[in-house]
Amino acid sequence: METGRALAVSGVLQSATPDPDRGGHWLLRAGSRVGALRTPGGPVVRIMPKTPVSRLFFLLGFSLDPARAWRDSREGTVDTGAYDDVVPALAHAVERQMDAALRQGVLQGYREVEESALVVRGRLREAEQIRRHFGRTPPAEIAYDAYTADTAENRVLRAAAERLLRLPGVPGPVRRRLAHQRVRLADAAPLIRGQELPRWQRSRLNSRYQPALRLAEAVLRGTSPEHRPPGSDLLVVDGFLLDMNQLFEDFVTVALREALREHGLTARLQDPHHLDTAGLIRIRPDLVVRTGDGRTPVAVVDAKYKVERADGLHNADLYQALAYATVLGLREAHLVYAAGRGPERFHEVQGTTAGPDGRGTRLYQHSLDLSREPGQLLSAVRHIAGRLALAGDRSNSES
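Numbering (my numbering), first residue to last: 599 to 997.
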């Protein structure tokens, strides 16, 4: 009963209600999140994605870093081993990336250290020395650069390994390998709960770490959500939950951005605008396609992780797309769904000003079948990009 109540207030499920026909049982309905979770003292709840797990990790890998070869070279997927559940596949993928990153040894770097010491090294922190030890003999307040393995990169990897070791459902062999990676990273300081992730900068020196770091950050951002329902103590749900809404949006926008470069166009993700002239109502389209110089918008795209309805209509989505087109001064807007009746359909809006071709504002609906192979999926994205490029050609011809 307590577990049911905890899940009901957690917000990680679409709904959790008592079963009216069976006492002590709850009816759970998944939302957009997949993975596994466990409330303190409760059972493990696994939420399986409709999309194949290998495809799910392809979407994740591509959206994190489309240019790098840390996805499997043959299929374009993250190495998830033989696992078809989200958490085991994730743990396996992260451990394999860590092993590849650490194969040449643990990365070290310089970090500024400030401490009290009996021997002066580096430089004296004069203000601290006077404030703390005025007129006294050592210790001295010093600062120096230490060459150490306690770097931001190693702290992120260690934190991800420790988080995965606490997740329910990590297979024994993977758990043992993760424990081994944690030992290799023992010189990195552990993260304190609630602490922001250490910031690291891409460089030639940490290039071998970058694939593992991006996947590790995805783990740390998707684990152990905390909730505070009204009048209750902090509830910690232990597990890994991947938001499919965000994952689909990230993949569509990043993949379109990459494909649009072939047409000489640029794209801005989460481009902020205002619906009203007073600037009170903010809107943020998922992707705004612009000319090569980035100045002029030519198309707008919004990604929706939902199935296009049988009649093809999601009225609220169409209203939203029309608002985007109106604010940006465009004669078409595009919606991309995770599944639908066909590759493309459109609705022409009444009362909108017709262009030289006699057409009013059009709202296009596209669909991507996530069960398709990665190559086919990217080909479908390139087709949508070509459709967006045509909008750019019409815009240039009208100007």
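All C-beta atoms, glycine included, are put in the ideal place defined by N, C-alpha and C.
Quiz prompt | Cβ separation of R1000 and F944, assumed to be a contact under 8 Å, to the nearest whole Å | solution = Given that the chain is displayed from residue 599 to residue 997, the structure contains no residue 1000 and the question cannot be resolved.
Practice problem: Report the rounded CA-to-CA distance for H861 versus D848, giving the unit in angstroms. | Solution: 21 Å
Practice problem: Note down, in chain order, each residue of its chain lying with its Cβ closer than 8 Å to the Cβ of N804, except the 5 sequence neighbours on either side. | Solution: L705, E751, W798 and L811
Self-check item: Inter-residue Cα distance where the pair is A667 and R866
Solution: With a pLDDT of 36 at A667, under the threshold of 50, the modelled position of that residue is not reliable, and no figure is offered here.
Quiz item: The beta strand (DSSP E) spanning Q963 covers which residue range?
Solution: R960 to S965
Practice problem: Could you check the C-alpha separation between A758 and D677 for me, to the nearest Å? | Solution: 17 Å
Quiz item: Mind checking whether A921 and L858 have CB atoms under 9 Å apart?
Solution: no
Quiz item: Could you give the distance in angstroms between the alpha-carbon of G949 and the alpha-carbon of G958?
Solution: 8 Å
Self-check item: Reduced DSSP secondary structure (H/G/I, E/B, other) of V998
Solution: Nothing can be reported for residue 998: it is not among the residues displayed for the chain, which extend from 599 to 997.
Exercise. Determine the direct distance from the alpha carbon of L933 to that of P618, and round the result to whole angstroms.
Key: C-alpha separation (whole angstroms): 39 Å.
Quiz item: DSSP beta-bridge partners for K902?
Solution: Y935
Quiz item: Considering only C-alpha positions, which residue in the set L658, P650 and R985 is nearest to L968?
Solution: P650
Exercise. Helix, strand or coil for Y922, going by three-state DSSP, please let me know.
Key: helix
Quiz prompt | Minimum C-alpha distance to A744 - residue among G639, G679, G877 and Y708 | solution = Y708
Quiz item: Between R980 and the rest of its own chain, which residues show a CB-CB distance below 7 Å, the 5 nearest in sequence each way excluded?
Solution: Only A857 meet the Cβ criterion.
Exercise. Note down the Cα distance separating A931 from A914, rounded to an integer number of angstroms.
Key: 14 Å
Exercise. Can you say whether Y917 is buried or exposed, counting buried as having 16 or more other CB atoms within 10 angstroms of its CB?
Key: Answer is exposed; the Cβ neighbour count stays below 16.
Practice problem: Within 10 angstroms of the Cβ of A777, are there 16 or more other Cβ atoms? Answer buried if so, exposed if not. | Solution: Under the 10 Å beta carbon count, A777 is surrounded by fewer than 16 other beta carbons and is classified as exposed.
Quiz item: Would you call E710 buried or exposed, if buried means 16 or more other Cβ atoms sit within 10 Å of its Cβ?
Solution: exposed
Self-check item: Q612 - DSSP class collapsed to helix/strand/coil
Solution: In the displayed model, Q612 falls within coil according to three-state DSSP, outside both helix and strand.
Quiz item: Nearest to R806 by alpha carbon, out of P870, G703 and G770?
Solution: G703
Quiz item: Which whole runs of the alpha helix (DSSP H) in the segment 761–808 are 4 residues long or more, in chain order?
Solution: List check, alpha helix (DSSP H) in window: 770–782.
Quiz item: Do we get a CB-CB distance below 9 Å when we pair R620 with the residues of chain C?
Solution: Note that chain C does not occur in the displayed structure, where there is just one protein chain.
Quiz item: Applying the criterion that 16 or more other CB atoms from any shown protein chain within 10 Å of the CB defines a buried residue, is M842 buried or exposed?
Solution: buried
Quiz item: Going by DSSP, what residues sit across from E856 in a beta bridge?
Solution: Note: E856 sits in no beta bridge, so no partner.
Quiz item: What is the DSSP secondary structure of V817, counted as helix, strand or coil?
Solution: V817: helix per DSSP, three-state reduction.
Quiz item: Are E693 and L783 touching if we call contact CB-CB under 9 Å?
Solution: no
Exercise. Tell me, please, which residues DSSP counts as bridged to E930.
Key: DSSP output for E930 lists R960 as bridge partner(s).
Quiz prompt | Rounded distance between the beta-carbons of V896 and P766, thought under 8 Å | solution = Going by Cβ atoms, the distance from P766 to V896 rounds to 48 Å, so no, they are not a contact pair.
Exercise. Flag this pair as yes or no: are the beta carbons of F846 and L688 separated by less than 9 Å?
Key: Contact flag unset, no.
Exercise. Note down, in chain order, each residue of its chain lying with its Cβ closer than 6 Å to the Cβ of L840, except the 5 sequence neighbours on either side.
Key: Scanning its chain for C-beta atoms nearer than 6 Å, with the 5 sequence neighbours on each side dropped, one finds around L840 the residues V632, G633 and G820, in chain order.
Quiz item: Taking buried to mean at least 16 other C-beta atoms within 10 Å of its own C-beta, is I879 buried or exposed?
Solution: exposed
Exercise. Output the distance between the C-alpha atoms of L635 and L975, rounded to the nearest integer angstrom.
Key: 30 Å
Exercise. Indicate the three-state DSSP secondary structure (helix, strand or coil) for D869 in the structure shown.
Key: coil
Self-check item: Nearest to I645 (by Cα), restricted to the options P686, L789, P769 and G892
Solution: Nearest of P686, L789, P769 and G892 to I645, Cα basis: P686.
Practice problem: Would you decide whether R620 is buried or exposed? Buried here means 16 or more other CB atoms lie within 10 Å of its CB. | Solution: So R620 ends up on the exposed side.
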